[in-house]
Amino acid sequence: MDFTYKDIDIFCDVVDNFGDAGVTYRLARNLAEILPEVRIRLFTNGMNAFECLNPEIKGFELLPYDVLNENF
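Letter by letter, the sequence shown follows residues 576 to 647 in my numbering.
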């Protein structure tokens with residue numbers, strides 16, 4: 576598959592913990608499997624919810640929203 580994007584950023588504002596986190600976790604994980612040549616980053620304000628879902632997240636980067644403020 577010829578994919579023109581090098582990076583995909585996903586943003587998740589966790590409101591009800593596992594519902595929001597679960598949907599975006601599965602999206603990021605599936606994109607990473609389908610598009611291994613693309614860097615997937617998931618930015619969130621709910622790091623704890625994602626760590627509860629899977630403490631060893633692989634295939635994509637999980638980053639707190641704070642990283643956005645530091646870099647821009």
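The beta-carbon is built from N, C-alpha and C at its ideal position, and this holds for glycine as well. This structure is a prediction, so every number in the text was calculated from the model and none was measured.
Could you please give me the residues that DSSP links to residue i through a beta bridge?
{"i": "Thr619", "result": "Cys587 and Pro639"}
{"i": "Arg601", "result": "None; Arg601 has no bridge partner."}
{"i": "Asp582", "result": "Arg614"}
Can you give me the C-alpha to C-alpha distance between residue i and residue j, rounded to a whole angstrom?
{"i": "Glu631", "j": "Phe625", "result": "10 Å"}
{"i": "Thr579", "j": "Glu608", "result": "17 Å"}
{"i": "Phe593", "j": "Leu628", "result": "8 Å"}
{"i": "Thr619", "j": "Asp595", "result": "10 Å"}
{"i": "Leu606", "j": "Glu612", "result": "10 Å"}
{"i": "Asn623", "j": "Cys587", "result": "13 Å"}
If contacts are defined as beta-carbon pairs under 8 Å, then residue i and residue j qualify, I think. What distance do you get, rounded to the angstrom?
{"i": "Lys581", "j": "Arg614", "result": "6 Å"}
{"i": "Leu610", "j": "Phe635", "result": "Their Cβ separation, rounded to whole angstroms, is 10 Å, which puts Leu610 and Phe635 out of contact at 8 Å."}
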